[in-house]
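Structure record follows, encoded as structure tokens.
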Amino acid sequence: MGLLSRAVLIGVSAAVLAAPAALATPVTGTPETGAEQPQSDVKERIAKYKKRVEQIEADLKDAVQAVEAAGNKAEAQKAKAAAEKVKAAADTLDKELQAFLDSPDLKEHQDRIAVGQVMHRAQEAIKAADAAITKAQKKIDDDQPTPPVPAADIAVEPQSAGRGGIVAIVVFCPEGKVSNFASDALNIVAESRYEDGPITAIGAIVKEDAAPGKHSVTASCDSQKLTASFTVTADAPVQSKPPTSDDVRRKSVVKPKGKIETGGGATALQTV
0 MGLLSRAVLI
10 GVSAAVLAAP
20 AALATPVTGT
30 PETGAEQPQS
40 DVKERIAKYK
50 KRVEQIEADL
60 KDAVQAVEAA
70 GNKAEAQKAK
80 AAAEKVKAAA
90 DTLDKELQAF
100 LDSPDLKEHQ
110 DRIAVGQVMH
120 RAQEAIKAAD
130 AAITKAQKKI
140 DDDQPTPPVP
150 AADIAVEPQS
160 AGRGGIVAIV
170 VFCPEGKVSN
180 FASDALNIVA
190 ESRYEDGPIT
200 AIGAIVKEDA
210 APGKHSVTAS
220 CDSQKLTASF
230 TVTADAPVQS
240 KPPTSDDVRR
250 KSVVKPKGKI
260 ETGGGATALQ
270 TV
């Protein structure tokens, strides 16, 4: 054996004899610094990563809501910037986690699983932020965000009638099916039902024994219950022929109301 090899062996043997406790204790280290890192520090680092991804998810939720609510170009641009900030934070975290997985610090199987789970959450946040950015950009490009869906509404025409008189119940239902017409003071004539897009109307005859005064009529727009009021007058009862769908159609039409009446953009029922 050469002198150099023998000298190396002697040096290694001396180091082992001088520091047996250090070799017996498992440690971890980072490739960048070579410093050894206790397992407790690894756990703490994972916990910090979890807090970061939780904050990213919270910021993402706010950004997505801002994009959805954006009603003009300026709001869409602000929402897009928030989504881009979230994406950048998630992308940075994803890269850090990938480097952590590749480092010798991460030895325990459960720790690697925990890091992988955080990484998955960061990657999902990147995807969701991308989708929000795309949607915000579309609103910016169009500069005409989709208006909110008008509220469902119900009306009775005329708003007062004597016993035996005919009224039309008109429902504006932008999404869903209209059903469950009912009133304690009306006999609903099912055969008179009239539909035109979001408008459904039906005729009814005021009951001969209906008490004079205020009464209500209800209907459903999908799962939403709608209520309107009308008045039964004290006039002498009359005899009326059951209304037809044409009779009902002539009594109802839908027109958009102005901003002063509704606060802007809503569609409500009017009758003619």
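Just so we're aligned: the sequence shown equals residues 0 to 271 in numbering that gives the first Met the number 0.
Yeah, the Cβ is synthetic: ideal placement off N, Cα and C, and Gly gets one too.
Check: When DSSP labels each residue in this structure, what does residue 235 get in the three-state scheme?
Finding: coil
Item checked: Rounded C-alpha distance that separates residue 87 from residue 150 -> 38 Å
Checklist line | residue 154 versus residue 53: straight-line alpha-carbon distance, rounded | finding: Approximately 48 Å, taken between the alpha carbons.
Notebook entry, point to check: Going by other Cβ atoms of all chains shown within 10 Å of its Cβ, with 16 needed for buried, is residue 278 buried or exposed?
Noted result: Since the first and last residues shown for the chain are 0 and 271, residue 278 lies out of range.
Margin query: Please state the DSSP three-state secondary structure of residue 105.
Written below: Reduced to three states, the DSSP call for residue 105 is coil.
Next item on the list: Within its chain, find whatever has a CB closer than 6 Å to the CB of residue 244; leave out the 5 residues flanking it on each side and keep chain order.
Entry: 191 and 193
Notebook entry, point to check: With respect to the beta strand (DSSP E) encompassing residue 195, which residues constitute its N-terminal and C-terminal limits?
Noted result: 185–195
Next item on the list: With a threshold of 16 other CB atoms inside 10 Å of the CB of residue 152, please say whether the residue is buried or exposed.
Entry: buried
Next item on the list: State the beta-bridge partners of residue 172 as determined by DSSP.
Entry: Its beta-bridge partners do not exist; DSSP assigns none.
Margin query: Suppose the cutoff is 8 Å on Cβ atoms and the five residues either side in sequence are ignored; what does the same chain contact list for residue 188 look like?
Written below: 201, 202, 203, 204, 241 and 242
Item checked: Complete beta strand (DSSP E) runs within the region 120–179 (minimum length 3 residues, chain order) -> Taking 3 residues as the minimum length, the beta strand (DSSP E) runs contained wholly in the region 120–179 are 152–156 and 165–171, in order along the chain.
Next item on the list: Assign residue 39 to one of three DSSP states: helix, strand, or coil.
Entry: helix
Notebook entry, point to check: Does the count of Cβ pairs from the region 43–51 and the region 101–121 closer than 8 Å reach three?
Noted result: yes
Next item on the list: Answer with buried or exposed for residue 119, where buried requires no fewer than 16 other C-beta atoms within 10 angstroms of its C-beta.
Entry: exposed
Next item on the list: Out of 210, 174 and 161, point me to the one whose CA is closest to residue 237's CA.
Entry: Answer by Cα proximity: 161.
Check: Just the Cα atoms here: how many angstroms apart are residue 239 and residue 146?
Finding: 43 Å
Checklist line | Straight-line Cα distance separating residue 184 from residue 69 | finding: Distance between the alpha carbons of residue 69 and residue 184 is about 45 Å.
Margin query: Buried or exposed, going by whether 16 or more other CB atoms sit within 10 Å of the CB of residue 81?
Written below: Residue 81 is buried by the Cβ-count criterion.
Next item on the list: Mark residue 73 as exposed unless 16 or more other C-beta atoms lie within 10 angstroms of its C-beta, in which case mark it buried.
Entry: Exposed.
Notebook entry, point to check: Does DSSP classify residue 222 as helix, strand or coil?
Noted result: coil
Item checked: Collapsed DSSP secondary structure at residue 70 in the structure displayed -> coil
Notebook entry, point to check: With a CB to CB cut of under 8 Å and the five nearest residues on each side skipped, what residues in its chain are close to residue 212?
Noted result: Cβ within range, chain order: 230 and 231.
Item checked: Through-space distance from residue 222 to residue 177, alpha-carbon basis -> In this structure, the alpha-carbon of residue 177 lies about 9 Å from that of residue 222.
Notebook entry, point to check: So, is residue 60 buried or exposed, given that buried needs 16 or more other C-beta atoms within 10 angstroms?
Noted result: exposed
Check: In whole angstroms, what separates the C-alpha of residue 44 from that of residue 124?
Finding: 20 Å
Next item on the list: Measure how close the beta-carbons of residue 78 and residue 62 come, nearest whole angstrom, since I'm counting them as under 8 Å.
Entry: 6 Å
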